[in-house]
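Chains as they are written, first to last, in the numbering used here: chain L, 2 to 346; chain Y, 10 to 297; chain D, 37 to 282.
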Amino acid sequence: MTDRMTLSGMLTSRAAAALDVSRAARSSKPSAAAMLAVVALLAALPFMVFSNVTDTLVNLFVLIALASMWNVLAGFGGLVSVGQQAYIGIGAYSVIALADQGVQPYLAVPLAAVTCVIFAVPTSWLAFRLRGDYFAVGTWVIAEVYRLLVVRIDAVGGGSGKGLAGLSGLDQTMRGALTYWVALALALATIVACYLLLRGRLGLSLMAVRDEETAASSAGIDVRWAKLVVYLVSAAGCGAAGGVITVSSLSVNPDAIFSVQWSAYMIFIVVIGGIGHIEGPLLGALIFFGLQQLLADYGSWYLVLLGAIGIATALWLPGGLWGLVRDRTGLSLFPVGYFVRGRGA
Amino acid sequence: MGWLNAVIQGLLLGGLYALFATGLSLMFGVMRIVNLAHGDLAVVASFLALALVSGTGLPLWVVLVVTVPLFAVLGYLTQRVLLQRSLSSGPLATLLVTFGLSIVLQNVLLEVFSADTRTLDGGSFATGSFELNGSISIGYLSLATFVLACAVLVGIQLFLSRTGLGRMLRASSDDRETANLVGADSRHVYGIATAIAFATVALAGLMFAMRSSFDPATGPSRLIFAFEAVVIGGLGSLWGTLIGGIVLGVTQSLGSQIDPALTLLAGHLVFLAVLAFRPQGLIAGRTA
Amino acid sequence: MTLLSIRDLTVHHGQLCAVDGLSLELRKGEVLAIIGANGAGKSTLLRALAGLNAPTSGSIQLNGRDITRLPAHRRVSEGIALVPEGRRLFRSLTVEENLLTGAYRGRPGPWTVARVYELFPWMPERRRQNASQLSGGEQQSVAIGRALLANPDLLLIDELSLGLAPVIVRRIYEILPGIVGAGTTALIVEQDVSQAMRVADRVHCLLEGRSVLEGRPRDLTAEQVEHAYFGIGEALPAGSAREGHD
């Protein structure tokens with residue numbers, strides 16, 4: 002027995018010597034440079050194109066942010082929620098309420114994220130009592146409760162909603178550009194947040210939890226804490242997105258902002274793009290956005306198509322389109338795993 | 010006496026909620042699927058009945074006799090074609106498939122029937138009522154719905170406890186692999202469970218259509234009622250679902266007695282309270 | 037007459053090759069015991085016979101019909117019933133309902149609920165009890181009854197003695213001759229070697245998915261069995277003990 006142990010020990014150490022363990026994938030450095038260039042270009046866009054282009058892009062950025070937040074929640078935290086519209090709504094109404102108090106609306110957007118975290122703490126206590134599919138519908142009921150409570154508050158317009166105060170002083174071009182930058186910043190912030198979150202210790206814990214919850218908890222990982230952090234981050238991101246939606250549309254309607262449609266968008270963008278990959282929501286949002294623009298004249302048929310594609314993806318392509326891309330090319334824009342490579346390679 | 014009336018109306022409404030929730034409970038109990046398209050299926054049944062009544066002029070009871078078996082067949086096929094495949098790809102896949110179905114159904118209804126609010130005209134029977142005493146009047150439709158709901162629940166319970174196939178549904182719910190070992194083809198068993206679920210959903214959908222107005226976007230809120238009835242009553246117990254439905258119905262009715270705007274909120278708050286203080290439900294469940 | 041014939045059966049359990057090119061034959065009316073250490077592939081073999089694990093290669097024939105690719109529920113109609121490891125009763129069903137699930141396929145044969153009650157006289161008065169309220173030994177009896185109600189030609193029993201007191205195990209095994217007498221052939225997997233040697237007409241000892249020793253209990257020495265069980269020394273080729281009496 003001892004002989005065998007030493008032998009295997011020797012084999013392991015020799016094998017380890019022939020391997021490189023690294024975080025960055027082969028594609029990381031060039032892709033990082035390319036991404037910086039893209040970001041710079043996007044940031045300069047208001048000076049280069051007409052405002053209808055940037056206004057449309059605001060929607061895309063909001064979708065990217067929402068989808069990234071759902072991806073981190075469900076794809077990494079295993080918390081499949083159908084109720085993130087609760088935080089979109091709370092975020093939107095926070096901006097309305099803060100603007101009423103005289104806070105500059107653009108500054109209210111990050112504060113909306115904070116408000117959502119404050120609401121998310123007690124909500125999580127309730128929602129975390131449900132598992133799996135029941136968590137999904139439970140979060141949905143909670144979102145409904147928030148909507149029904151909000152429409153009872155006359156100060157924010159009750160059932161008919163309210164306009165946003167505090168932006169009338171700005172000229173229209175300036176307002177469009179500022180909204181665009183805030184939306185771009187939101188999308189970037191959510192992507193960077195996902196990347197940092199998943200690179201760190203918490204990311205490792207989450208991946209362990211996702212693979213095998215019982216084993217992870219017996220290995221000393223605080224499952225509940227890891228899930229809570231993800232839930233709070235996701236609530237913050239969705240809240241800020243709700244804020245951006247409000248500064249972009251200049252008003253809020255409770256039925257629209259608390260609509261389960263937002264969950265449909267998030268879920269299908271992520272599933273089609275590739276759940277559990279940071280790149281997935283980006284790709285999925287681009288596809289969704291394209292579909293929406295392409296079928297703009299055909300009423301809600303794009304949603305029928307979206308649902309059908311979502312079903313097909315869930316059944317036949319569980320890794321989504323990015324999963325397919327990665328399997329074929331090994332490409333990874335945001336490497337959060339570790340790469341093990343032979344020294345010779 | 011307004012309060013007593015509210016309780017009685019809520020009780021009668023609760024029977025309908027229970028009938029409607031049975032399918033959700035059954036599909037979860039047997040297959041561990043939460044069917045997010047549950048509410049939309051009921052709305053589809055409502056629209057189908059509306060189209061049949063206005064298109065063919067058939068009497069309502071004929072439409073009912075056609076729609077319910079049709080939905081049972083659809084349920085069996087949905088299970089065999091869509092859900093069975095998703096079951097082998099993990100729990101997330103079943104959720105996504107049923108959610109996808111929900112989105113597809115809602116938007117197809119929207120395109121075909123527009124967003125207008127509709128009601129199904131049940132004739133004098135649907136609007137008629139009798140007086141119990143000075144302050145309490147009971148609608149024929151409410152009472153018939155309640156009786157029918159209870160009859161269907163008893164029927165399903167008898168099927169589950171007295172027939173070989175029904176026993177196998179319960180056995181599959183306990184332990185699918187061992188059910189295979191004693192000869193159950195789980196695809197067929199699951200198909201039957203889904204068929205029953207769809208048939209009861211269609212029946213409930215028709216009842217809802219006669220009682221209250223509906224439009225293509227009504228599905229999600231209906232799903233939430235069913236879900237709340239199931240959770241309040243306790244998972245995987247038919248009698249629990251009946252109790253859950255009644256608790257939900259009575260709560261909503263009492264809520265609306267205080268303020269009509271409180272109807273939904275009262276139901277949700279009871280649901281959250283059960284979730285917070287008695288997560289196993291009021292009737293701690295046996296399976297199916 | 038041959039009831040069951042297994043040829044070169046290989047079954048993988050994930051990456052692991054649990055049954056490795058195994059061949060064996062079982063005649064009608066025989067009791068064959070499979071013994072072997074933990075992880076020797078005994079349970080995987082039974083699961084493959086019942087249709088729960090798909091074989092990688094090889095073939096299984098029952099009554100001369102190839103059943104290798106049949107799903108588990110169809111094998112019940114063909115005449116195979118498994119008493120699974122850990123009993124696996126349906127916990128929300130009563131004792132009688134558990135028994136009745138066994139008769140779901142309605143295969144004709146001698147076994148009825150009444151006859152199972154004759155076999156286990158304590159059962160009738162507890163038939164309305166929930167299966168989860170029974171003791172381990174009682175649950176094991178119900179699991180056997182459930183399998184018998186399928187009226188199988190081949191009864192597979194996996195680890196009957198697991199978690200039960202020896203005296204209970206002995207009492208349950210006492211009914212085996214009666215079952216075989218009614219026309220059923222039995223293939224049992226047993227970790228308790230002495231128990232297996234006592235009830236079986238023939239034993240196979242498995243080591244790492246292969247049959248390393250086979251013979252009638254009385255023809256095998258304790259040393260042979262011990263070596264085969266632990267894989268000590270040169271493993272005896274599977275045919276060595278067979279030639280004598282086949």
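Quick reminder that beta carbons are idealized off the backbone N, C-alpha and C, glycines included.
Per DSSP, L/Asn53 is paired with what? Reading the first sequence from its first residue, position 52 is the one you call residue 53 of chain L. Bridge partners of L/Asn53: none, in fact.
Could you tell me which whole alpha helix (DSSP H) segments of length 4 or greater appear in the segment 278 to 319 of chain L? 280 to 295 and 302 to 317
Return the chain-ordered ranges of every alpha helix (DSSP H) run that is complete within the segment 30 to 88 of chain Y and spans a minimum of 4 residues. 47 to 65 and 69 to 87
When you compare the CB of L/Leu296 with every CB in chain Y, is at least one pair closer than 8 Å? In the first sequence, the residue the question calls residue 296 of chain L occupies position 295. Cβ-Cβ to chain Y under 8 Å: no for L/Leu296.
Please report the distance separating the alpha-carbon of Y/Ala202 from that of Y/Met36. Locating residue 202 of chain Y in the second sequence gives position 193, counting from the first residue. Locating residue 36 of chain Y in the second sequence gives position 27, counting from the first residue. Whole-angstrom Cα-Cα distance: 6 Å.
Can you tell me where the beta strand (DSSP E) with D/Ala222 in it begins and where it stops? Translated into the one-based positions of the third sequence, residue 222 of chain D becomes position 186. Thr221 to Val225 is the extent of the beta strand (DSSP E) around D/Ala222.
On the DSSP letters alone, give me the boundaries of the alpha helix (DSSP H) that Y/Thr136 sits inside. As a first step, residue 136 of chain Y is located in the second sequence; it is residue number 127 there, counting from the start. First-last of the alpha helix (DSSP H) with Y/Thr136: Gly132 to Thr136.
Do D/Pro146 and D/Gly219 come within 8 Å of each other at the CB atom, strictly closer than that value? Translated into the one-based positions of the third sequence, residue 219 of chain D becomes position 183. Translated into the one-based positions of the third sequence, residue 146 of chain D becomes position 110. Their beta carbons are under 8 Å apart, which means D/Gly219 touches D/Pro146 by this criterion.
So which residues on chain D does Y/Arg176 lean against when the C-beta distance must stay under 8 Å? Taking the first residue of the second sequence as 1, we reach residue 176 of chain Y at position 167. Correct list: Leu129, Glu133, Leu136, Thr137 and Tyr140.
Helix, strand or coil for L/Ile91? Go by DSSP, reduced to three states. Taking the first residue of the first sequence as position 1, residue 91 of chain L is located at position 90. The answer is helix: DSSP assigns L/Ile91 an H, G or I state.
Identify the contact partners of Y/Pro100 in chain L, using a Cβ-Cβ distance below 9 Å as the criterion. Translated into the one-based positions of the second sequence, residue 100 of chain Y becomes position 91. Chain L residues near Y/Pro100: Val81, Gly133 and Asp134.
Taking 7 Å as the limit between beta carbons, can you name the residues of its chain near D/Ser95, skipping five residues before and five after? Mapped onto the third sequence, residue 95 of chain D falls at position 59. Same-chain partners within the cutoff: Arg43, Asp102 and Thr104.
Just curious, the beta strand (DSSP E) that L/Ala144 is in, first and last residue? Along the first sequence, read from residue 1 onward, the residue named residue 144 of chain L stands at position 143. No beta strand (DSSP E) contains L/Ala144, which is instead part of the alpha helix (DSSP H) from Gly133 to Val151.
Let me confirm a value: Y/Pro68 is counted as buried when at least 16 other C-beta atoms fall within 10 Å, else exposed. Which label applies? Translated into the one-based positions of the second sequence, residue 68 of chain Y becomes position 59. Y/Pro68 should be labelled exposed.
Separation of D/Leu60 from L/Leu229, as counted between CA atoms: Your numbering for residue 229 of chain L matches position 228 in the first sequence. Your numbering for residue 60 of chain D matches position 24 in the third sequence. Near 55 Å, if we compare the C-alpha coordinates of D/Leu60 and L/Leu229.
Closer than 8 Å is the cut-off here; do at least three beta carbon pairs connect the segment 83 to 90 of chain L with the segment 232 to 247 of chain L? yes
Under 8 Å between C-beta atoms, does Y/Ser144 make it to chain L? Within the second sequence, numbered from 1, the residue matching residue 144 of chain Y stands at position 135. So no, Y/Ser144 is outside the interface.
For a test of the three-state rule: what should DSSP assign to Y/Ser144, helix, strand or coil? For the purposes of this step, residue 144 of chain Y is identified with residue 135 of the second sequence, where counting begins at 1. The answer is coil: DSSP assigns Y/Ser144 none of H, G, I, E or B.
Identify which residue in L/Leu127, L/Tyr181, L/Tyr135 and L/Val231 has its Cα closest to the Cα of L/Asn60. Locating residue 60 of chain L in the first sequence gives position 59, where the first residue counts as 1. Nearest option by C-alpha distance: L/Tyr181.
CB-CB length for D/Val152 against D/Gly181, believed under 8 Å: Mapped onto the third sequence, residue 152 of chain D falls at position 116. Mapped onto the third sequence, residue 181 of chain D falls at position 145. Contact holds; Cβ gap of about 4 Å.
Buried or exposed: Y/Thr172, going by 16 or more other Cβ atoms within 10 Å of its Cβ? Counting from one through the second sequence, the residue named residue 172 of chain Y turns up at place 163. It is exposed - the Cβ of Y/Thr172 has fewer than 16 other Cβ atoms within 10 Å.
Can you tell me whether D/Glu154 is helix, strand or coil according to DSSP? Numbered from its first residue, the third sequence carries residue 154 of chain D at position 118. In the structure shown, D/Glu154 sits in a helix (DSSP, three-state: H, G or I).
Proximal chain Y residues relative to D/Val112, where beta-carbon distance stays under 8 Å: Taking the first residue of the third sequence as position 1, residue 112 of chain D is located at position 76. Leu190, Val191 and Gly192, listed in chain order.
Just to confirm the assignment, what range does the beta strand (DSSP E) spanning D/Arg238 have? As a working note, residue 238 of chain D is residue 202 in the third sequence. Note, D/Arg238: beta strand (DSSP E), Arg238 to Leu243.
Test item: CB-CB of D/Asp194 and D/Glu244 under 8 Å: Sequence index remark: in the third sequence, residue 194 of chain D carries index 158 (1-based). Sequence index remark: in the third sequence, residue 244 of chain D carries index 208 (1-based). No, the pair does not count as a contact, with Cβ atoms beyond the cut-off.
Using the C-alpha atoms, what's the distance from D/His48 back to D/Pro188? For the purposes of this step, residue 188 of chain D is identified with residue 152 of the third sequence, where counting begins at 1. For the purposes of this step, residue 48 of chain D is identified with residue 12 of the third sequence, where counting begins at 1. Between D/Pro188 and D/His48, the C-alpha separation is close to 26 Å.
Min CB distance L/Pro319 to chain Y below 8 Å: For the purposes of this step, residue 319 of chain L is taken as the residue at position 318 of the first sequence. L/Pro319 counts as touching chain Y.
Per the contact definition of three or more C-beta pairs closer than 8 Å, is the segment 239 to 255 of chain L in contact with the segment 103 to 122 of chain L? yes
Taking Cβ positions only, does L/Trp323 come closer than 8 Å to chain Y? Walking along the first sequence from the start, residue 323 of chain L turns up at place 322. Taking Cβ atoms only, chain Y never reaches closer than 8 Å to L/Trp323, which makes this a no.
Check whether the segment 224 to 235 of chain Y touches the segment 26 to 40 of chain Y, taking contact to mean three or more Cβ pairs, one atom from each stretch, closer than 8 Å. yes
List, in order along the chain, the chain L residues whose C-beta lies closer than 8 Å to that of Y/Asn14? Locating residue 14 of chain Y in the second sequence gives position 5, counting from the first residue. Those do not exist, as Y/Asn14 stays about 24 Å from chain L at its closest Cβ, beyond 8 Å.
Buried/exposed call for Y/Phe80, threshold 16 Cβ in 10 Å: In the second sequence, the residue the question calls residue 80 of chain Y occupies position 71. Classification of Y/Phe80: buried, given that the 10 Å Cβ count is 16 or more.
Would you identify the three-state DSSP class for D/Glu195, choosing helix, strand or coil? Here residue 195 of chain D refers to the residue found at position 159 when the third sequence is read from its first residue. The answer is coil: DSSP assigns D/Glu195 none of H, G, I, E or B.
Which runs of the beta strand (DSSP E) fall wholly inside the segment 87 to 168 of chain D and span at least 3 residues, in chain order? 93 to 98 and 116 to 119
For Y/Thr103, the first and last residue of its enclosing beta strand (DSSP E): In the second sequence, the residue the question calls residue 103 of chain Y occupies position 94. Segment Pro100 to Phe122 is the alpha helix (DSSP H) holding Y/Thr103; no beta strand (DSSP E) there.
Taking only three categories from DSSP, how would you classify D/Lys64? Indexing the third sequence from 1 puts residue 64 of chain D at position 28. Of the three classes helix, strand and coil, the one that applies to D/Lys64 here is coil, per DSSP.
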